[in-house]
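Chemist:
Protein chains in written order, with our numbering: chain E, 477 to 777; chain C, 55 to 408.
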């Protein structure tokens, strides 16, 4: 029983990261209809920036805001410089540009910081409490920070005029432009915010998976799956989807382990859990193509 | 997604010009090029101008062209995006390798079996994927690309696949005591396969089936109204596309003499997609350019990186992928419809008025 709880708890902690990545993907998707395949590598690059700042002797709680600011600027610059000329380009061209960005971030990180795996200190104090056996302090920290970011974003979009303008620009660009919203800058701002959210995900997950240029590849895939399961058009759904995928992944491995212990037959292990989790996600999508929380779009003929 | 790929008038233009092309047949200079390519082992090989290593490189380039062509039939002509065609490549390669290694079959006889197996896998995958569109299909195929290498490592298949170690097979000698090296002979085999597959693809595209494929891509609703069975067409297209990529995989296994799960990682799927887009989506000639791009860009990116590092004296040592990424972005800026599309539009601007 305790083992099961442990698996659920660590699934939730991983799910928090997937939720953040999913949210970053959705934020770019709702305003531009593009899936940013470079999101994971951008987050990885941010995690390296944070590591570098800590390495230079800055405390973590100064390095993190600095990293977030840096990521925000990078996100805005990518939108303004690289994607601006492609607004009318065919979708596949944009996909290839994202793949190009992925290659650039990946290789630059490798060139600057080498491919050796680096430990990343956990920013959360190590203390013991009643449930210590089930969930570690870093995992609790991951969940708390993720929830905090989500709450902040919710308040930003719900209660500030700028958030309202961004939602308007995403929902109906033409009308938004007519009422005086600078839609182009709203898109860039959306990119900046997505990059910031992604950078938090990268920094939080770095102590778990260790820092190296490949660290975000699987996480991006889980985030993508989470975003689609929750419904790619709904930010709340994407967050829920991220948590669902996180728990699901751990459950698959756990059940496979229990089965092997009970019957001696090896069916699913750690090697297969990604595949099985993805198959489940795709099954959900074939049955409910708009995702669990997405709204069905009606096409006008 | 499908409608954003081409603007309305452009599609009509292309459909019209495609019909004219079909009537005209293949231009003579393409046949001349193929004849020249077929004589290369005699011209270059015998005189020693082209080493066996280069024949291997050329064969790989042609193999990737076949794979890019397969993806192009699906993505370019039918509008279904796939990030996972490396999976079919792997299936084709493994079917051939297992048949040769375990059942000691003649290598050419394994090709049709590999193609058939891939058609079935592709059709079966395409059937449920019908409900998925755009990004959802991208995720499903992405998952396929991740899943297949893991399946190849799966513990209960190890007697067949040899797990992570992979399978070694041996290059066949040319038949009838032909005065060719194995690499030169395989180059000819690959070239012959490619010529046949390109002719078949051209005929498919110009046939009733091909027009149905393109109609579904451009106007799914109108296509349904016209009586096209779009579910059937889409899943058959998926199967045909997988068949092409599977053949490429099978040929790759034979010329490479080795298969392992790690040769078919996710990067292969991305490379095939990039090849299709860079070459020119929805064009047959684009597949050749795409194959060239897949095979040679890494090498040239490596050389270019060394050159840049020498000239600029950067404090860090650049990696080839940086140049690769920059090349991708610049190509998409200058030629959003790929190299073949770029040249076609350039030709439309400068051709003599008729």
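All C-beta atoms in this analysis are idealised placements derived from N, C-alpha and C, irrespective of residue type, glycine included.
Once DSSP output is grouped into helix, strand and coil, what is the label at residue 370(C)?
Modeler: Looking at residue 370(C) - three-state DSSP - the assignment turns out to be coil, as it is neither helix nor strand.
Chemist: Find the residues of chain E that neighbour residue 365(C), judging by a C-beta separation of less than 8 Å, and give them in chain order.
Modeler: Per Cβ cutoff of 8 Å: no residues; residue 365(C) is ~16 Å from chain E at best.
Chemist: Please list the segments of the alpha helix (DSSP H) lying wholly inside the segment 141-225 of chain C, counting only runs of 4 or more residues, in order along the chain.
Modeler: 161-183, 188-207 and 212-215
Chemist: For the segment 698-724 of chain E, list every residue whose C-beta sits within 7 Å of some C-beta in chain C, in sequence order.
Modeler: 700, 701, 704 and 708
Chemist: Starting from the N-terminal side, write out each stretch of the alpha helix (DSSP H) that is 4 residues or longer and does not extend beyond the segment 295-362 of chain C.
Modeler: 320-333
Chemist: In whole angstroms, what is the alpha-carbon distance linking residue 481(E) and residue 598(E)?
Modeler: 23 Å
Chemist: Among the candidates 216(C), 101(C), 301(C) and 370(C), whose CA atom is the shortest distance from the CA of residue 245(C)?
Modeler: Nearest option by C-alpha distance: 301(C).
Chemist: Just mark residue 375(C) as buried or exposed, buried being the case when its beta carbon has 16 or more other beta carbons within 10 Å.
Modeler: buried
Chemist: What whole-angstrom Cβ distance do residue 147(C) and residue 313(C) have, given they're in contact under 8 Å?
Modeler: 5 Å
Chemist: Could you tell me whether the Cβ of residue 769(E) comes closer than 8 Å to any Cβ of chain C?
Modeler: no
Chemist: With a threshold of 8 Å between beta carbons, is residue 267(C) in contact with chain E?
Modeler: no
Chemist: Take every Cβ of the segment 537-546 of chain E, pair it with every Cβ of the segment 699-712 of chain E, and state whether three or more of those distances are shorter than 8 Å.
Modeler: no
Chemist: With contact counted as at least three CB pairs below 8 Å, one residue from each stretch, are the segment 245-255 of chain C and the segment 112-129 of chain C in contact?
Modeler: By the Cβ criterion, the segment 245-255 of chain C is in contact with the segment 112-129 of chain C, since at least three pairs of Cβ atoms, one from each stretch, lie closer than 8 Å.
Chemist: Which residue from 713(E), 700(E) and 758(E) puts its Cα closest to that of residue 512(E)?
Modeler: Looking from the CA of residue 512(E), the closest CA among 713(E), 700(E) and 758(E) belongs to 700(E).
Chemist: Report the start-end ranges of each alpha helix (DSSP H) in the segment 515-550 of chain E that is 4 residues or longer and not cut off at the edges.
Modeler: 515-531
Chemist: Ends of the alpha helix (DSSP H) at residue 739(E)?
Modeler: 711-739 is the extent of the alpha helix (DSSP H) around residue 739(E).
Chemist: Under DSSP, the alpha helix (DSSP H) around residue 261(C) begins and ends at which residues?
Modeler: Taken as a continuous stretch (DSSP letters only), residue 261(C) belongs to no alpha helix (DSSP H), as it is neither H nor E.
Chemist: Compare the Cα-Cα distances from residue 386(C) to each of 155(C), 366(C), 335(C) and 355(C) and report the closest residue.
Modeler: 335(C)
Chemist: Are the beta-carbon atoms belonging to residue 580(E) and residue 379(C) less than 8 Å from one another?
Modeler: yes
Chemist: Considering only C-alpha positions, which residue in the set 91(C), 212(C) and 96(C) is nearest to residue 113(C)?
Modeler: 91(C)
Chemist: Please state whether the Cβ-Cβ distance between residue 487(E) and residue 726(E) is less than 8 Å.
Modeler: By the CB criterion at 8 Å, residue 487(E) and residue 726(E) fall inside the cutoff.
Chemist: Could you pull out every residue in the same chain whose Cβ sits closer than 8 Å to the Cβ of residue 454(E), ignoring the five residues on either side in sequence?
Modeler: Within the shown structure, residues of chain E are numbered from 477 to 777, placing residue 454(E) beyond reach of any answer.
Chemist: Taking the Cβ atom as the reference point for each residue, do residue 255(C) and residue 170(C) lie within a distance shorter than 8 Å?
Modeler: no
Chemist: Using 8 Å as the threshold, is the segment 515-526 of chain E in touch with the segment 202-214 of chain C, meaning 3 or more CB pairs across them?
Modeler: no
Chemist: Give the DSSP bridge partners of residue 687(E), in chain order.
Modeler: 594(E)
Chemist: For residue 748(E), report the span of its alpha helix (DSSP H) as first-last.
Modeler: Segment: none, residue 748(E) is in no alpha helix (DSSP H) and carries neither H nor E.
Chemist: Which bits of chain E does residue 216(C) rub up against, with CB to CB less than 9 Å?
Modeler: What residue 216(C) touches in chain E: nothing, since even the nearest Cβ is about 16 Å away.
Chemist: Between residue 577(E) and chain C, is any beta-carbon pair separated by less than 8 Å?
Modeler: yes
Chemist: Is the beta carbon of residue 497(E) less than 8 Å from the beta carbon of residue 674(E)?
Modeler: yes
Chemist: Rounded to whole angstroms, what is the Cα-Cα separation between residue 653(E) and residue 266(C)?
Modeler: 39 Å
Chemist: So residue 736(E) packs on residue 742(E), CB below 8 Å; how close in whole Å?
Modeler: Right, their Cβ atoms sit about 5 Å apart.
Chemist: If you run the structure through DSSP and keep just helix, strand and coil, what is residue 227(C)?
Modeler: coil
Chemist: Considering only the beta carbon of each residue, do residue 584(E) and residue 573(E) sit closer than 8 Å?
Modeler: no
Chemist: Give the straight-line distance between the Cα atoms of residue 104(C) and residue 353(C), rounded to the nearest whole angstrom.
Modeler: Approximately 18 Å between the Cα atoms of the pair.
Chemist: Measure from the C-beta of residue 613(E) to each C-beta in chain C and report whether the shortest distance is under 8 Å.
Modeler: no
Chemist: For the segment 172-187 of chain C against the segment 281-301 of chain C, do three or more pairs of beta-carbon atoms, one drawn from each stretch, fall closer than 8 Å, so that the two count as touching?
Modeler: yes
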